[in-house]
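Just below is one structure, and these are the notes that go with it.
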Amino acid sequence: MIEARRTQLSPIARLGDATLRALGETGAMFLFLLESFGRIFRAWGQFPKIVRQIYFIGVKSITVITLISLFTGMVIGLQMYYALAKFGADGFLGAAVSLSLVRELGPVLTAIMITGRAGSSMTAEIGVMRISEQVDALQVMDINPLGYLVSPKLAASIICFPILTAFFDLVGMLGGYLTGVLLLGGNSGVYWYRVSAYLKMSDISGGFIKSLVFGIVVCTVCCYMGYYTHLRRDSVGPEAVSQATTSAVVTSCVLILLTDYVLTSLLF
Amino acid sequence: MTQANTQDIRLEGLTVGYGTHAVVSDINAVLPGGKISVILGGSGCGKSTLLKHILRLHPVLAGRIEIDGHDLAALDRRGMHCLRQRMGVLFQDGALLGSLTLGDNVALPLREHTKLSDTAIRERVLAKLALVGLADFYDYYPNELSGGMRKRAGLARAMVMDPPLLFCDEPTSGLDPVTAAELDQLLLELKKSFDMTLVVVSHDLDSMRTIADHVLVLGSGRVLFEGPIAELEATQDDYLRRFLDRQAASRSTPRLTMPPLDSKMMKRDCAGYQGE
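Protein chains in written order, with the numbering used here: chain V, 1 to 268; chain H, 1001 to 1276.
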């Protein structure tokens, strides 16, 4: 009935309707985040769950992060070397690689990779628990589902995202060194000197803040989509879980880039 | 004058449903304390919906629910916390957490709500698992068990806090007759031994006849009957009689006028594989 009425609305009214729904959803997501965050500190019982999530989100992502960061660094090294060599500035390769990785590519690509690897599984796990009444079971046992399911994931994301980003930056710089110095014959000492001379503390802290915010955004969106799988209007049951997972990954990626723009304009 | 039992579950002018859509309207009933009440009805009549509203998993559309003398809508967070610790719930498929072993699943409420030591928790969990015949499966994961075993494990978890109120959603559906009968006996024993109040949602007539003291029949979005089992068995109401006697509705069945599918219409030729 409501859907039928919605299709009868004029385009402007539909736009307004969609905007109101998006605002409502954003507000609900923010409250979801606040309650989940508050419950991280409620009980010592959370600690083992947080450690398990750190293993799942952090440790198990190391392989993929290593591969992506190494090749990203190698490609930047290759592209930048030729571009800088045209102006006789190939000695600045270390500065160019490190700055682009630490300020921009490290936090963004790490967040996108973790969204694909761990975020999607957060949504699917909570979604399946929702449709198989496991979330209801927690509620009737008087165990807060947000505290039990979402808070440990949120805490682990806050811890893992910055560490994985730092790891990405480091391996990426090594990738740039591989192509720029070992493959194309740039000077090794100059490469590392430029890295240390041009990389400021504000660049590192800016990347750290970005990764922290991305961690919170990704975990909140992915857990929220899974938690409310049963309220989806486009599908039910297992199909709803798959739709929720797709929506979570797409929404997270869009929000990572949007937040990145806002943070870059504020931080640097 | 008879005094109301505090364990009674009272439903007054209750309408349950989702969003603005009412599934069952104007329910007035008392599910008596210390007895087994069965909520009966055909598939999709709103039995499980009513149960989920009684458990306050969804907000009611109208009316009130009173459990243990408390109006559910008026209970604050702490009140609800205390009430939920007096309730056990067996969900349709057990709803065991897939990432935990059977032992950890049953131990979960004890770990979250009590100060018991790990040894004491293990002892209690093993006792409850033994009650449902699963003591040897402590370290098994739910996906390693059959549907019947998962249900029994769900019952052990529902019982682990020794609640005076037990709610069961379709406890015998999907079980073979022997296992279903065993589960019925277990529910009867629980009521007798622990003086529990049980509310069982079911469409299994055999099970209902074995365990029920009190019956609430739902259909067509309303309550069709509420009362003792003997009164239901004696009813002369057409619909209820048909339901109890397992008779199909007397609507005319459309004739099968369509000829059977011709094998020539099949995309793949299976002529060589057909029987003589």
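All C-beta atoms in this analysis are idealised placements derived from N, C-alpha and C, irrespective of residue type, glycine included. All values derive from a computational prediction rather than experimental measurement.
* To do: Please classify S1362/H: does DSSP put it in a helix, a strand, or coil?
  => Look at the range of chain H in this structure, 1001 to 1276, and you will see that residue 1362/H is not part of it.
* Is the shortest distance between the beta-carbon of Q53/V and the beta-carbons of chain H less than 8 Å? -> Within the first sequence, numbered from 1, the residue matching residue 53/V stands at position 53. Closer than 8 Å: no.
* To do: Kindly list the residues whose CB is nearer than 7 Å to the CB of L1083/H, restricted to its own chain and excluding five residues on each side of it in sequence; keep chain order.
  => For the purposes of this step, residue 1083/H is identified with residue 83 of the second sequence, where counting begins at 1. Excluding positions up to five away in sequence, the list reads I1067, D1068, H1070 and L1075.
* Nearest CA to the CA of M201/V: which residue from L31/V, G116/V and L267/V? -> Within the first sequence, the letter at position 201 stands for residue 201/V. Looking at the Cα atoms, L267/V is the closest of the given residues.
* To do: Step through the CB atoms of chain H and report whether any lies within less than 8 Å of the CB of A137/V.
  => For the purposes of this step, residue 137/V is taken as residue 137 along the first sequence, with counting starting at 1. Residue-level contact by beta carbon holds for A137/V and chain H, with a gap shorter than 8 Å.
* May I have the straight-line CA-CA distance separating G1227/H from P1032/H, to the nearest angstrom? => For the purposes of this step, residue 1227/H is taken as the residue at position 227 of the second sequence. For the purposes of this step, residue 1032/H is taken as the residue at position 32 of the second sequence. Distance between the alpha carbons of G1227/H and P1032/H is about 10 Å.
* Assigned secondary structure, Y1138/H (DSSP; H/G/I helix, E/B strand, else coil) -> Taking the first residue of the second sequence as position 1, residue 1138/H is located at position 138. Three-state result, Y1138/H: coil.
* To do: Would you tell me roughly how many angstroms separate the C-alpha atoms of L33/V and G1148/H, rounded to the nearest one?
  => Residue numbering aside, residue 33/V sits at position 33 when the first sequence is read from its first letter. Residue numbering aside, residue 1148/H sits at position 148 when the second sequence is read from its first letter. One C-alpha to the other measures close to 38 Å.
* **Contacting residues, own chain, Cβ-Cβ under 7 Å from V249/V (five flanking each side not counted)** => Translated into the one-based positions of the first sequence, residue 249/V becomes position 249. Excluding residues within five positions, the ones whose Cβ falls inside 7 Å are T115, G116, G119 and S120.
* Going by beta carbon distance, what residues of the same chain come within less than 6 Å of D1213/H, once the five residues before and after it are set aside? -> Your numbering for residue 1213/H matches position 213 in the second sequence. Around D1213/H: K1035 and I1036.
* Asked: Hey, how far is the Cα of V51/V from the Cα of T66/V?
  -> Position 51 of the first sequence holds residue 51/V. Position 66 of the first sequence holds residue 66/V. When rounded, the distance between both Cα atoms is 22 Å.
* What are the boundary residues of the beta strand (DSSP E) that N1028/H is part of? -> Indexing the second sequence from 1 puts residue 1028/H at position 28. Element bounds for N1028/H: H1021 to L1031.
* Asked: Any Cβ of chain V within less than 8 Å of the Cβ of D1093/H?
  -> Taking the first residue of the second sequence as 1, we reach residue 1093/H at position 93. Closer than 8 Å: yes.
* To do: Give, in chain order, every unbroken run of the alpha helix (DSSP H) that is at least 4 residues long and sits entirely within the region 161-242 of chain V.
  => Correct list: 188-198 and 201-227.
* Between G77/V and L164/V, is the Cβ-Cβ spacing less than 8 Å? -> Mapped onto the first sequence, residue 77/V falls at position 77. Mapped onto the first sequence, residue 164/V falls at position 164. No, they are not a contact pair.
* For the alpha helix (DSSP H) containing S132/V, list its first residue and its last residue. => The count along the first sequence starts at 1 and reaches residue 132/V at position 132. Note, S132/V: premise wrong, no alpha helix (DSSP H); not H, not E.
* Buried or exposed (CB count within 10 angstroms, at least 16 for buried), C1270/H -> Here the question's residue 1270/H lines up with position 270 in the second sequence. C1270/H should be labelled exposed.
* Amino acids of chain V, ordered along the chain, whose beta-carbon sits closer than 9 Å to that of P1109/H -> Here residue 1109/H refers to the residue found at position 109 when the second sequence is read from its first residue. Listed by position along chain V, the residues whose Cβ is nearer than 9 Å to that of P1109/H are M141, D142 and I143.
* Sort out for me which residues DSSP pairs Y1018/H with in a bridge. => For the purposes of this step, residue 1018/H is taken as residue 18 along the second sequence, with counting starting at 1. Note: Y1018/H sits in a beta bridge opposite H1021/H.
* May I ask you to check if the CB of C219/V is nearer than 7 Å to at least one heavy atom of the ligand GDP? => For the ligand GDP, the structure offers nothing, since it holds no ligand at all.
* Starting from P48/V, trace the alpha helix (DSSP H) both ways and give me its first and last residue. => Here residue 48/V corresponds to residue number 48 of the first sequence, with the count starting at 1. It spans Q46 to I57 - the alpha helix (DSSP H) in which P48/V sits, taken as one unbroken run.
* From the DSSP output, which residues share a beta bridge with R1010/H? -> Counting from 1 along the second sequence, the entry for residue 1010/H is found at position 10. BP columns for R1010/H point to V1030/H and E1066/H.
* To do: In the DSSP assignment, find the unbroken alpha helix (DSSP H) run with R1282/H in it and report its ends.
  => The shown model of chain H, from 1001 to 1276, leaves out residue 1282/H, and the question about it has no answer.
* To do: Starting from the Cα of S205/V, find the closest Cα among A166/V, V195/V and R42/V and give me that residue.
  => Indexing the first sequence from 1 puts residue 205/V at position 205. The shortest CA-to-CA distance from S205/V to any of A166/V, V195/V and R42/V is the one to A166/V.
* Exposed or buried, which one is Q1007/H when buried takes at least 16 other CB atoms within 10 Å? -> Walking along the second sequence from the start, residue 1007/H turns up at place 7. By the neighbour-count rule (16 or more Cβ atoms within 10 Å), Q1007/H is buried.
* Is the beta carbon of V1201/H sitting closer than 8 Å to the one on S1025/H? -> Within the second sequence, the letter at position 201 stands for residue 1201/H. Within the second sequence, the letter at position 25 stands for residue 1025/H. The answer is no: Cβ separation not under 8 Å.
* Asked: Given that L1097/H touches chain V, what residues does it touch there, using C-beta distances under 7 Å?
  -> What you label residue 1097/H is simply residue 97 of the second sequence in a count that begins at 1. Within chain V, the residues near L1097/H are Q134.
* Asked: Using a beta-carbon distance below 8 Å, is E1112/H in contact with chain V?
  -> What you label residue 1112/H is simply residue 112 of the second sequence in a count that begins at 1. Residue contact with chain V for E1112/H: present (Cβ-Cβ distance below 8 Å to some residue of chain V).
* Asked: What is the rounded straight-line gap between the Cα of T245/V and the Cα of M225/V?
  -> Here residue 245/V corresponds to residue number 245 of the first sequence, with the count starting at 1. Here residue 225/V corresponds to residue number 225 of the first sequence, with the count starting at 1. Those two C-alpha atoms are separated by around 7 Å.
* Just curious, the beta strand (DSSP E) that H1214/H is in, first and last residue? -> Locating residue 1214/H in the second sequence gives position 214, where the first residue counts as 1. Element bounds for H1214/H: H1214 to G1219.
* To do: State yes or no: is the beta carbon of T1002/H nearer than 8 Å to at least one beta carbon in chain V?
  => On the second sequence, residue 1002/H is found 2 positions in, with the first residue counted as 1. Any reading at T1002/H is ruled out, since the residue's pLDDT is 42, under 50, leaving its predicted position unreliable.
* Name, in chain order, the residues that DSSP records as bridge partners for G1041/H. => Working through the second sequence from its first residue, we reach residue 1041/H at position 41. Per DSSP, the beta bridge partners of G1041/H are L1218/H.
* Asked: For a contact meaning CB atoms closer than 8 Å, what does M1087/H contact in chain V?
  -> Stepping through the second sequence from its first residue, residue 1087/H is reached at position 87. What M1087/H touches in chain V: V140.
* Residues that T1197/H bridges to, as DSSP identifies them -> Position 197 of the second sequence, counted from the start, is the residue given in the question as residue 1197/H. For T1197/H, which the question treats as bridged, DSSP gives the partners L1165/H.
* **Residues of its chain near N1143/H, where Cβ-Cβ distance is below 7 Å and the 5 sequence neighbours each way are ignored** => Indexing the second sequence from 1 puts residue 1143/H at position 143. The answer, listed in chain order, is G1098.
* Outcome for R21/V when other beta-carbon atoms lying within 10 angstroms are tallied against a minimum of 16 -> As a first step, residue 21/V must be located in the first sequence, where it is residue number 21. Sixteen is the threshold: since fewer than 16 other Cβ atoms of the shown chains lie within 10 Å of the Cβ of R21/V, the residue is exposed.
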